[in-house]
Amino acid sequence: MKIIFFSAQPYDKDFFNSHNTDFGFDLVYHKSQLNEQTVGLVDHAEAVCVFVNDKVTALVCRQLADKGVKIIALRCAGFNNVDLEAAKALSIKVCRVPAYSPEAVAEHALALIMTLNRKTHKAYNRVREQNFSLNGLLGFNLHGKTIGVIGTGNIGKAFCRMMLGLGCQVKAFDVIANTELEAIGVTYHPLSDVLNTDIVSLHCPLNEQTRYLINTTTIGMMKPGAMLINTSRGGLIDTKAAIQGLKSGQIGYLGIDVYEQEEHLFFRDLSGTVIQDDEIQRLMSFPNVLITAHQAFFTDEALSQIATTTLNNVDQLLKNGNLTSRAALLV
Ligand code: NAD
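Here you go:
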């Protein structure tokens, strides 16, 4: 049984090949993204395995179905890049990895906060240049600060626990309150109150309700000079509005692991090319902006879990046409 991988990186091959010894699938890797131009690469496979920036549109689903593909296996949690209705109509099963080491992403959100606040990235470069001055490196204590968390699912929950452990007060917004978190001190509030905190961290999925959740109006509800962290999906933030917020000082710090237009940039070395995206260039020009290229998931533990869960999902779907984990089966 063949699984064709798209957007495959060397580390995907390492982890999937190593965990495939338990399954014995025929794994074929393509570096290119899956989209309407590359779907022709699919040949005699029952499953394709895709990642965050593959574009599985209705047309791609139709062509996959014509080629006999029965399963689209996402090797990630988010699924905003797959047309689920189209897949369902064509009887293609779509599965994902709903919870792989949520701590990996939560810890990266914390790393962005710590770096932006204590400026260790700047200190590292300074000290290497024998500049031991502290001017410009002033930070603030996290202890006692109020953190606004938007989305308290697997990752948001792990993040709330970490922030409580650091002595912060945690205010959350979600469509469903989590009683486990309430029991340990997290309080739920309307969005405007959660935005009016010292640090706002986004952990909700990207969908029609959350696209541009952070826009000119909601940036106006933030505490002036607050920190905004996004490790979820780029489309949650209206980048143009964020740039205006940074220019006016309304946003005091911005840490992002995801970016609206990341599919044209992330996961490749563009160091020798002229970047045409003026918005990311503008963002990179701010001293109080920190960008990482969608690496929050990138830990040894998370990659092992992603590989085993994805292969297990495909195996179960082939054998039983269903999955024991309801959260893993999207359609
Ligand atoms: P999850 O499904 O466990 O939790 C999402 C939470 O968001 C749920 O509690 C849900 O009720 C809430 N939510 C849904 N709509 C909302 C809304 N309109 N307003 C507020 N809350 C809302 O998902 P998760 O595993 O915690 O992952 C969260 C997101 O993180 C994923 O959707 C994915 O986009 C992103 N992610 C990023 C990386 C990375 O490497 N940067 C890795 C994994 C996941």
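Take 1179 as the starting number for the sequence shown in our numbering and just add one per residue. All residues carry an ideal CB built from backbone N, CA and C; glycine is no exception.
* Asked: Between the beta-carbon of valine 1353 and the beta-carbon of isoleucine 1325, is there less than 8 Å?
  -> One-based indexing of the sequence shown puts residue 1353 at position 175. One-based indexing of the sequence shown puts residue 1325 at position 147. Not a contact, by the Cβ cut-off of 8 Å.
* Is any heavy atom of ligand 1 found at a distance shorter than 7 Å from the C-beta of phenylalanine 1444? -> Numbered from 1 along the sequence shown, position 266 holds the residue referred to as residue 1444. Result no, Cβ not under 7 Å from ligand 1.
* Using the beta-carbon count (16 or more within 10 Å), is phenylalanine 1194 buried or exposed? -> Within the sequence shown, numbered from 1, the residue matching residue 1194 stands at position 16. Answer is buried; the Cβ neighbour count reaches 16.
* **Anticipated Cβ contact below 8 Å, leucine 1508 with phenylalanine 1257, distance rounded** => Mapped onto the sequence shown, residue 1508 falls at position 330. Mapped onto the sequence shown, residue 1257 falls at position 79. Between phenylalanine 1257 and leucine 1508 the Cβ distance is about 6 Å, and since that is below 8 Å, they are a contact.
* Asked: Comparing alpha-carbon positions, which option in Arg1253, Cys1254 and Glu1263 lies nearest valine 1238?
  -> By one-based count along the sequence shown, residue 1238 stands at place 60. Considering only alpha carbons, the answer is Glu1263.
* **Member of Asn1332, Cys1227 and Asn1295 whose CA lies at the smallest distance from the CA of proline 1276** => Locating residue 1276 in the sequence shown gives position 98, counting from the first residue. Distance from the Cα of proline 1276 is smallest, within the candidate group Asn1332, Cys1227 and Asn1295, for Asn1332.
* Counting along the chain, where does the beta strand (DSSP E) carrying phenylalanine 1464 start and finish? -> Reading the sequence shown from its first residue, position 286 is the one you call residue 1464. From DSSP, phenylalanine 1464 is part of no beta strand (DSSP E); its letter is neither H nor E.
* Asked: Taking Cβ to Cβ, would you say glutamate 1281 is nearer than 8 Å to leucine 1496?
  -> On the sequence shown, residue 1281 is found 103 positions in, with the first residue counted as 1. On the sequence shown, residue 1496 is found 318 positions in, with the first residue counted as 1. Taking 8 Å as the Cβ cut-off, glutamate 1281 and leucine 1496 do not qualify as a contacting pair.
* Asked: Which stretch, first to last residue, makes up the alpha helix (DSSP H) that contains threonine 1417?
  -> Taking the first residue of the sequence shown as position 1, residue 1417 is located at position 239. Boundaries of the alpha helix (DSSP H) around threonine 1417: 1417-1426.
* Can you list, in chain order, the residues of its chain whose CB lies under 7 Å from that of asparagine 1491, leaving out five sequence neighbours each side? -> To locate residue 1491, count along the sequence shown from 1; it is residue 313. Result list for asparagine 1491: Ala1251, Cys1273, Leu1501 and Ala1506, in chain order.
* Asked: Candidates Leu1380, Ala1404 and Gly1423: which alpha carbon is nearest glycine 1413's?
  -> Taking the first residue of the sequence shown as 1, we reach residue 1413 at position 235. The residue among Leu1380, Ala1404 and Gly1423 with its C-alpha nearest the C-alpha of glycine 1413 is Leu1380.
* Asked: To which residues of the same chain is cysteine 1254 closer than 8 Å at the C-beta, ignoring the five residues directly before and after it?
  -> Residue mapping note: residue 1254 aligns to position 76 of the sequence shown, counting from 1. Scanning its chain for C-beta atoms nearer than 8 Å, with the 5 sequence neighbours on each side dropped, one finds around cysteine 1254 the residues Phe1229, Val1230, Arg1274, Val1275, Phe1475 and Ile1484, in chain order.
* leucine 1205 versus Gln1211, Leu1212 and His1197, residue with shortest Cα-Cα distance -> In the sequence shown, counting from the first residue as 1, residue 1205 sits at position 27. Comparing alpha-carbon positions, the option among Gln1211, Leu1212 and His1197 lying closest to leucine 1205 turns out to be His1197.
* **Residue(s) in a DSSP beta bridge with valine 1272** => Working through the sequence shown from its first residue, we reach residue 1272 at position 94. According to DSSP, which records beta bridges pairwise, valine 1272 is partnered with Ile1250.
* Less than 7 Å between the CB of arginine 1411 and some heavy atom of ligand 3, yes or no? -> Ligand 3 is not among the ligands present in this structure, which contains only ligand 1.
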